[in-house]
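The working numbering numbers the first residue of the sequence shown as 52 and each following residue consecutively.
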Amino acid sequence: MNTIKQGISRGDIFYADLSPVVGCEQGGIRPVLILQNDIGNRHSPTTIVCAITGKPKKPLPTHAAIAGAGRLSRESFALLEQIRTIDRIRLREWVGRLGQQEMEEINQALIISVGLSPALFL
Numbered sequence: 052m053n054t055i056k057q058g059i060s061r062g063d064i065f066y067a068d069l070s071p072v073v074g075c076e077q078g079g080i081r082p083v084l085i086l087q088n089d090i091g092n093r094h095s096p097t098t099i100v101c102a103i104t105g106k107p108k109k110p111l112p113t114h115a116a117i118a119g120a121g122r123l124s125r126e127s128f129a130l131l132e133q134i135r136t137i138d139r140i141r142l143r144e145w146v147g148r149l150g151q152q153e154m155e156e157i158n159q160a161l162i163i164s165v166g167l168s169p170a171l172f173l
């Protein structure tokens, strides 16, 4: 099994084995986006990720478009409502890294997903 032990950064995309799953969780070997900060990534055996899909069922404000980053073969979508902490052992091959503009869109979708937008508290 090819696993990643170190050298991951926020904004990196990896393939990861997300199985087993329960209910509506995204599973299988699929691309994920690293969301955890780089200090945590340097020191923790786990990291925080969100699933990436090529075909969302319906567009949500918690989805962010990723235009074929790295070795992704087509436009994909980061699913910021599908956030989970995984052990690094689940990470497989590196796919690519998002640019600053894409990460700003990720951050906006993440703010909505976890309810940090002041408008959501009204």
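We put the beta carbon where it would ideally sit given N, CA and C, even for glycine.
Source: prediction; values computed, not measured.
- For the pair A67 and G79, the Cα-to-Cα distance works out to about 8 Å.
- When only Cα atoms are considered, R61 and S70 end up about 22 Å apart.
- Excluding the 5 residues flanking it on each side, E126 has same chain C-beta neighbours closer than 8 Å at G105, A116, I117, A118, G119, in chain order.
- Non-local beta-carbon contacts of T136 in its own chain, meaning distances under 6 Å to residues more than five positions away in sequence, involve T97, I99 in chain order.
- Counting the other CB atoms within 10 Å of its CB gives H94 a total below 16, which places it among the exposed residues.
- Counting C-beta atoms within 10 angstroms of its own C-beta, V165 has fewer than 16 neighbours from the protein chains shown and is therefore classed as exposed.
- The beta carbon of Q77 lies closer than 8 Å to those of L69, A102, T104, L130, Q133 in the same chain, with the five residues before and after it left out.
- Each residue's CA atom was taken as its position, placing Q159 and G147 some 21 Å apart.
- Spatial neighbours of E156 in its own chain (CB-CB distance under 6 Å, excluding positions within 5 residues in sequence) are listed in chain order as A115.
- When the beta-carbon positions are compared, L84 and I64 come within less than 8 Å of each other.
- The residue from E153, W145, P110 with its alpha-carbon nearest to that of R81 is W145.
- CA-CA distance, L111 to G150, rounds to 22 Å.
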